Amino acid sequence: MKSNIIHLIGMLVFYFAGYFLFKSALGYITPGVVLTAPWAVVGLMQLPLSYCIQAIFKANEANDHSSLTPSEVRRLVPIVKSKRLKLVLLLAFYVFSTLFVILGLIASTNDQALLFRVLKISGGLLFISLYTSVFVHKIMVELQEFKALLNRRESEKKERESLLDRLK
1 MKSNIIHLIG MLVFYFAGYF LFKSALGYIT PGVVLTAPWA VVGLMQLPLS YCIQAIFKAN
61 EANDHSSLTP SEVRRLVPIV KSKRLKLVLL LAFYVFSTLF VILGLIASTN DQALLFRVLK
121 ISGGLLFISL YTSVFVHKIM VELQEFKALL NRRESEKKER ESLLDRLK
């Protein structure tokens with residue numbers, strides 16, 4: 001619970017950092033200059049989204065290894081489910097924030113004040129996306145280490161069996 005509160009505070013800090021960074025950057029634009037919608041922000045917001053989708057697919061493969069015993073599978077399934085739930089929630093956040101930015105940019109085509117507001121909020125959402133992509137990376141590393149451990153265990157088992165066969 002304490003960890004969740006810390007992460008929520010971190011997300012708020014990153015949101016306001018992105019918001020105020022974009023706000024200060026927009027402050028350098030000369031009044032009267034017409035801006036077009038910077039669609040690159042949408043592209044940047046899709047990077048964590050695609051990484052999260054990849055992590056969800058890897059999480060689905062985690063308990064499909066043939067060398068796992070039934071006891072290990074029973075213990076592993078709840079862990080994988082909780083990680084997958086976190087990833088799905090992050091994916092939903094990435095999708096909805098990207099949709100918000102897209103719709104905001106479309107709606108603000110003729111209204112510079114609205115475009116500036118949308119860009120400030122987009123900056124905050126972009127920074128939250130970058131902050132939460134660290135969690136996705138952490139889960140990806142855990143999954144990769146787990147698969148490497150299973151592969152090592154399987155190769156050691158085969159090596160032991162071959163040594164036992166030679167002794168016979």
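First residue of the sequence shown? That's 1 in full-length UniProt numbering, and the numbers climb one at a time after it.
Glycine included, every Cβ here is placed at the ideal spot set by N, Cα and C.
Here the structure is a predicted model, which means the values were calculated and not measured.
Tell me the residue span of the alpha helix (DSSP H) that contains S122.
Within the sequence shown, residue 122 is the residue found at index 122, counting from 1. From DSSP, the alpha helix (DSSP H) with S122 extends over Q112 to L167.
Could you give the residue range of the alpha helix (DSSP H) that holds N63?
In the sequence shown, counting from the first residue as 1, residue 63 sits at position 63. Counted as a single uninterrupted DSSP element, the stretch harbouring N63 is not any alpha helix (DSSP H), since DSSP gives it neither H nor E.
Is the separation between the beta-carbon of A92 and that of L143 shorter than 8 angstroms?
As a first step, residue 92 is located in the sequence shown; it is residue number 92 there, counting from the start. As a first step, residue 143 is located in the sequence shown; it is residue number 143 there, counting from the start. For A92 and L143, no; Cβs fall outside 8 angstroms.
So, at 8 angstroms on beta carbons, what are the nonlocal neighbours of Y15 in its own chain, with the 5 sequence-adjacent residues on each side left out?
Walking along the sequence shown from the start, residue 15 turns up at place 15. Answer for Y15: G124, L125, F127 and I128, listed in chain order.
Give the range of the alpha helix (DSSP H) segment to which Y28 is assigned.
The residue you call residue 28 lines up with position 28 of the sequence shown. Run containing Y28: none; DSSP gives neither H nor E here.
Collapsed DSSP secondary structure at T98 in the structure displayed
Counted from its first residue, the sequence shown places residue 98 at position 98. In the structure shown, T98 falls within a helical segment according to DSSP collapsed to helix, strand and coil.
Distance between T30 and P48 (C-alpha atoms, nearest Å)
Taking the sequence shown and counting its residues from 1, one reaches residue 48 at position 48. Taking the sequence shown and counting its residues from 1, one reaches residue 30 at position 30. Roughly 32 angstroms between the two C-alpha positions.
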